[in-house]
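Under our numbering, the residues of the sequence shown are numbered 34 to 367, in order.
Down below is the structure, laid out as structure tokens.
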Amino acid sequence: MTTGEGTPAMEAESRAVRLYRTMRLIREFEERCLAMSLTGEIVGGIHPYIGQEAVAAGVCAALGRDDILTSTHRGHGHVLAKGADPRRTLAELCGTTAGLNRGRGGSMHAADVGLGVYGANGIVGAGAPIAAGAAWTFQQRGDDRVAVSFFGDGALSQGVVLESFNLAALWQLPVVFVCENNGWATSLPLKRSLAGDAVERAAGFGLTARAVDGMDADATADAAAEAVARCREGGGPTFLECRTYRFHGHHSFEEQVGLTYRDAAEVGDWHARDPLVAQSARVPEATAGAIDAEISTLIDEAVEFARAGQAPEADEALHHLYADGTTARPGVMI
Ligand SMILES: Cc1ncc(C[n+]2csc(CCOP(=O)(O)OP(=O)(O)O)c2C)c(N)n1
């Protein structure tokens with residue numbers, strides 16, 4: 034459990050400690066996933082979130098259990114920060130029936146609806162209208178729940194994202210759009226894909242909009258808390274441009290291919306601002322050490338759990354595609 038609401042013992046912990054635990058969990062999870070994708074245990078590889086942990090941790094620290102989020106192809110960090118079980122998340126990535134989605138979703142479509150994780154998503158920008166739709170439902174029902182949509186800078190010119198901005202502003206929906214601007218969409222730098230400025234673009238739709246240091250978990254958590262409070266008070270949507278960086282390639286296989294589109298000095302500059310190192314400096318050394326040991330054990334257990342899983346049966350491939358009782362095609366009952 035790593036969201037804003039936790040056990041009584043966790044409530045007593047400082048926000049700095051909780052942020053560090055979430056970030057350490059994501060970092061270690063992703064490092065193991067990288068290794069497991071290179072050995073083929075995770076088929077198809079992953080999009081590593083390493084370097085961006087402060088965004089998922091900071092934003093999810095502002096959310097309660099009933100709030101929801103939509104995620105991206107680089108989604109493990111969001112899923113874990115909202116409180117998903119690392120064992121079942123890793124099992125999902127390994128395609129086993131013990132996974133969050135019985136192994137049907139994999140890395141890019143891991144979801145845990147009960148926790149408000151309305152899915153990682155392989156389609157760039159596709160989570161924005163889902164989050165806006167959820168926010169519309171909350172508004173119609175008079176709930177004070179909030180929806181968050183995470184997406185990358187590459188989604189900033191996706192039509193469906195801009196349409197979501199428009200309706201969110203028009204209807205004052207309780208949604209927070211979190212753009213994780215890591216400067217690159219695969220190998221395309223943002224300066225070659227975005228006309229104008231991201232914050233000004235969102236403000237042009239009538240959204241409250243601001244840039245945030247996405248390498249600083251505290252700053253991100255503060256900005257998210259303010260945005261979420263505004264939503265709950267009926268003050269409408271917010272756009273946060275979280276400036277961050279991915280430390281690894283776009284995809285785990287990129288390093289095997291050895292692509293070199295990013296300048297070594299640029300990569301080095303961002304590494305020097307490692308958000309996990311910055312956050313560890315904000316918690317007592319002994320506490321950080323204890324969390325590191327706790328997470329290491331947790332991830333060992335997750336790896337063991339995932340490795341022990343079974344692949345789904347081939348003749349069940351069409352199961353769980355539709356709600357119970359719906360017919361996929363004549364004669365095939367799901
Ligand atoms: C609609 C759509 N177009 C293109 C792609 C191919 N694609 C996958 S990831 C990606 C780059 C996304 O960049 P960004 O949104 O900045 O996220 P990041 O990878 O930096 O986290 C692209 C173009 C896709 N998955 N969906």
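Don't be surprised by glycine CBs; every beta carbon is placed ideally from N, CA and C.
Since this is a predicted model, take the numbers as computed values, not measurements.
Coil, strand or helix - residue i by DSSP
| i | result |
| --- | --- |
| residue 52 | helix |
| residue 34 | In this prediction, residue 34 has a pLDDT of 36, which is less than 50 and means its spatial position is unreliable; nothing more can be read from the coordinates. |
| residue 250 | helix |
| residue 352 | coil |
| residue 367 | Unreliable placement is indicated for residue 367, whose pLDDT of 39 sits below 50; the coordinate value is still reported in the next sentence. In this structure, residue 367 counts as coil in the three-state DSSP scheme. |
| residue 241 | strand |
| residue 296 | coil |
| residue 145 | strand |
| residue 157 | coil |
| residue 150 | strand |
| residue 72 | coil |
| residue 162 | helix |
| residue 140 | helix |
| residue 343 | coil |
| residue 96 | coil |
| residue 118 | coil |
| residue 233 | helix |
| residue 267 | coil |
| residue 46 | coil |
| residue 58 | helix |
| residue 171 | helix |
| residue 227 | coil |
| residue 301 | helix |
| residue 65 | helix |
Residues bridged to residue i [DSSP beta-bridge criterion]
| i | result |
| --- | --- |
| residue 185 | 213 |
| residue 129 | BP columns for residue 129 are empty, so no partner. |
| residue 222 | 217 |
| residue 180 | 101 and 208 |
| residue 310 | Paired residues: none, contrary to the question. |
First through last residue of the beta strand (DSSP E) which encompasses residue i
| i | result |
| --- | --- |
| residue 103 | 101-103 |
| residue 272 | 271-276 |
Of the residues the options, the one placed nearest residue i, counting alpha carbons only
| i | options | result |
| --- | --- | --- |
| residue 133 | 81, 313, 140 and 122 | 122 |
| residue 196 | 232, 159, 217 and 177 | 159 |
| residue 145 | 315, 104 and 170 | 104 |
| residue 91 | 213, 288 and 234 | 213 |
| residue 308 | 329, 276 and 327 | 276 |
| residue 231 | 184, 331, 116 and 205 | 184 |
| residue 216 | 353, 84, 55 and 57 | 84 |
| residue 89 | 192, 114 and 332 | 114 |
| residue 205 | 229, 266, 153 and 151 | 266 |
| residue 54 | 110, 80 and 106 | 110 |
| residue 340 | 56, 52, 57 and 66 | 66 |
| residue 270 | 157, 172, 77 and 305 | 172 |
| residue 301 | 335, 280 and 130 | 280 |
| residue 168 | 137, 220, 82 and 100 | 100 |
| residue 352 | 321, 137 and 190 | 137 |
| residue 126 | 181, 94, 77 and 284 | 77 |
| residue 75 | 354, 342, 346 and 355 | 342 |
| residue 243 | 228, 139, 227 and 260 | 260 |
| residue 156 | 175, 174 and 191 | 191 |
| residue 338 | 93, 81, 119 and 112 | 119 |
Residue i: first and last residue of the uninterrupted alpha helix (DSSP H) it sits in
| i | result |
| --- | --- |
| residue 336 | 318-340 |
| residue 199 | 192-203 |
| residue 109 | 109-114 |
| residue 8 | For residue 8 there is no data in the structure shown, the boundaries of the chain being 34 and 367. |
| residue 289 | 287-290 |
Contact test: residue i Cβ vs ligand 3 heavy atom, cutoff 6 Å
| i | result |
| --- | --- |
| residue 164 | This structure does not include ligand 3; its bound ligands are ligand 1. |
Three or more C-beta pairs under 8 Å: does that hold for the region 245-257 against the region 287-296?
no
Is it the case that the region 43-59 contacts the region 239-255, given that we only count it when at least three CB pairs across the two stretches are under 8 Å?
yes
Would you call the region 234-249 and the region 69-78 touching, i.e. three or more CB-CB distances under 8 Å?
Too few Cβ pairs lie closer than 8 Å, so no.
Would you be able to state if there are at least three C-beta pairs under 8 Å between the region 57-67 and the region 324-341?
yes
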